[in-house]
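Presented below is the structure to which this report refers.
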Amino acid sequence: MARRRYRRKSLSEDLFDMLFELTGFVWQIGAAVTGALLFFSYLSYDWAAAWIATAEKSPVLSAIAANFGWVAYLLPLMLIIFAVLFGAKTYDTYRNGHHF
1 MARRRYRRKS
11 LSEDLFDMLF
21 ELTGFVWQIG
31 AAVTGALLFF
41 SYLSYDWAAA
51 WIATAEKSPV
61 LSAIAANFGW
71 VAYLLPLMLI
81 IFAVLFGAKT
91 YDTYRNGHHF
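By the numbering used here, the letter at position 51 of the sequence shown is numbered 51, and the numbering carries on one by one without gaps.
Below is the structure:
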């Protein structure tokens, strides 16, 4: 069976592409997206820290938390990276719009 040459993008990929493109036109959208990503990264970090603290108290989960606890921090890290990308694009759009 032949494989498709172009795979279809997921909804989240389309959403991020659209928001990133809109950020290039209107910096306020980028600022709102950056703020939302920073807020959700804080919430996910808080969740990861609480999960690690709870897992360390359990005799079964403590071994998993000791070896693979860093995996819980990948989501906040990923959200921070996206926030930095959106923030840089927002700043670039703002700077170009105001001709500094």
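Every residue gets a Cβ at the ideal spot worked out from N, C-alpha and C, and that includes glycine.
Inter-residue spacing [alpha-carbon to alpha-carbon] between SER12 and MET18: 10 Å
Three-state secondary structure assigned by DSSP to LYS9: coil
Nearest neighbour of PHE40, chosen from ALA72, LEU15, PRO76 and GLY97 [CA to CA]: Nearest in C-alpha terms to PHE40, of all of ALA72, LEU15, PRO76 and GLY97, is PRO76.
CA-to-CA distance, ILE52 to GLY43, given in whole angstroms: Looking at the sequence itself, residue 43 is Leu, so the reference to Gly does not match. About 14 Å.
Flag this pair as yes or no: are the beta carbons of LEU15 and ALA83 separated by less than 7 Å? no
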